[in-house]
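Residue numbers (our numbering): 24 to 394.
The C-beta atom is built at its ideal place from N, Cα and C for all residues, glycine as well.
So the structure is just underneath, and the comments pick up after that.
What follows is the structure in structure tokens.
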């Protein structure tokens, strides 16, 4: 498939965002792993195939040198015969793993080697809802803000949301069911507005979104949530691999082996400007230290995004209660993230709620300068 026009759009957006051609197209090596085993988000038998807080991360490190597997194992205090697995080493939530020695060891290694973290992070429940806002006319004035508000409403009672979406075969809403589908969402917005009013609060964005959703009932269509595959909320995650390959087609990309992804990429022969893309390969992580490092990176980022995907007071309370080790490691993480962002803003990609993204950037600025 020809991705020339797609890349032109990516390039234009990158330049508008403040990135340079060099950051986009310089020859570098990126190592990747992915977090978890969820490959898409579907509704099956009345429930989703993943937990509502699931975050998918595809990423790792950018590095122009490497270390051996034995050296990495030695650094992490493991025998040469032991298999490294972040899932085992970094058990627990983000607050818990901040205390773990291997959390610190991996990040100190990245800092010492002057490598950079890169990732594409996707909160899959949020991603499953964004097409609703994109289908409602008028939301283009503040799309990310409206998506954040809708996400907060729909996640509040996931069972209720799932039942409503199942009833109308989301995202394959029939023409004659547009109004009742939107009415159900509007009712959930009303519940949230009533809850806020009881505390003498008002959310102007949510009030406006409700008005736009009400008006959308008379739209000719809801383009992104009609005539799509029933119960498939997020299509297979191979889309994120393709996005990385296209965006960074001048760089060398080394992914952990994923049989299904490899099989599908063999079918889709990608090209830009008439040239086949051969900038990527798949490596057995059991034999490659850099992919192993990437496994730890995506595990850390996944748990960090989940930690941030709460109210700011909840997050702040946890941060204020960090002990000395946790705070040192939190500073270290944010310092590396800041260095990576400064080195190449294209290395940190998010499909998450705007409130979560803002907290991520806030803590980079607050804690990323503390060494």
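My understanding is that residue i touches residue j, with C-beta atoms under 8 Å, so please give their C-beta distance in whole angstroms.
i	j	result
residue 75	residue 321	Between residue 321 and residue 75 the Cβ distance is about 20 Å, and since that is not below 8 Å, they are no contact.
residue 51	residue 87	7 Å
residue 151	residue 61	Contact flag wrong, Cβ pair sits at about 12 Å.
residue 260	residue 79	6 Å
residue 374	residue 145	4 Å
residue 357	residue 387	5 Å
residue 98	residue 132	6 Å
residue 149	residue 174	5 Å
Would you say residue i and residue j are within 9 Å of each other, going by their C-beta atoms?
i	j	result
residue 187	residue 169	no
residue 290	residue 140	no
residue 84	residue 284	no
residue 127	residue 300	no
residue 303	residue 275	yes
residue 73	residue 120	no
residue 244	residue 194	no
residue 185	residue 249	no
residue 368	residue 42	yes
residue 117	residue 330	yes
residue 305	residue 279	yes
residue 219	residue 172	no
residue 27	residue 295	yes
residue 240	residue 206	yes
residue 81	residue 54	no
residue 286	residue 314	no
residue 103	residue 96	yes
residue 328	residue 293	no
residue 134	residue 362	yes
Is residue i helix, strand or coil when you go by DSSP?
i	result
residue 345	coil
residue 85	strand
residue 392	coil
residue 279	strand
residue 90	coil
residue 143	strand
residue 284	helix
residue 121	coil
residue 107	coil
residue 292	coil
residue 80	strand
residue 371	strand
residue 102	coil
residue 332	coil
residue 376	coil
residue 151	helix
residue 361	helix
residue 382	helix
residue 356	helix
residue 136	helix
residue 326	helix
residue 96	helix
residue 112	helix
So is residue i in contact with chain D if we call contact Cβ pairs under 9 Å?
i	result
residue 132	Absent from the structure is chain D; it holds one protein chain and no more.
**Message:** Which complete beta strand (DSSP E) runs does the region 24-78 hold, if anything under 3 residues is left out?
**Reply:** 52-57, 64-67
**Request:** Note down, one range per segment and in chain order, each alpha helix (DSSP H) of at least 4 residues found wholly within the region 157-199.
**Result:** 166-179, 181-190
**Message:** Does the structure place the region 297-312 close enough to the region 34-50 that three or more beta carbon pairs sit under 8 Å?
**Reply:** no
**Asked** What beta strand (DSSP E) runs, 3 residues minimum, are completely inside the region 294-320?
**Response** 303-306
**Message:** Assess contact between the region 371-380 and the region 349-356, defined as three or more Cβ pairs (one per stretch) separated by less than 8 Å. Is contact present?
**Reply:** no
**Asked** Quick one: complete alpha helix (DSSP H) runs, 4+ long, within the region 198-271?
**Response** 201-220, 227-239, 261-270
**Request:** Determine, using beta-carbon pairs with one atom in the region 158-165 and one in the region 262-276, whether at least three such pairs fall under 8 Å.
**Result:** no
**Prompt:** Pairing CB atoms from the region 105-122 with CB atoms from the region 136-151, are three or more of them under 8 Å?
**Reply:** no
**Request:** Take every Cβ of the region 165-181, pair it with every Cβ of the region 204-220, and state whether three or more of those distances are shorter than 8 Å.
**Result:** yes
**Request:** Please determine if the region 244-256 and the region 64-71 are in contact, where contact requires at least 3 C-beta pairs separated by less than 8 Å.
**Result:** yes
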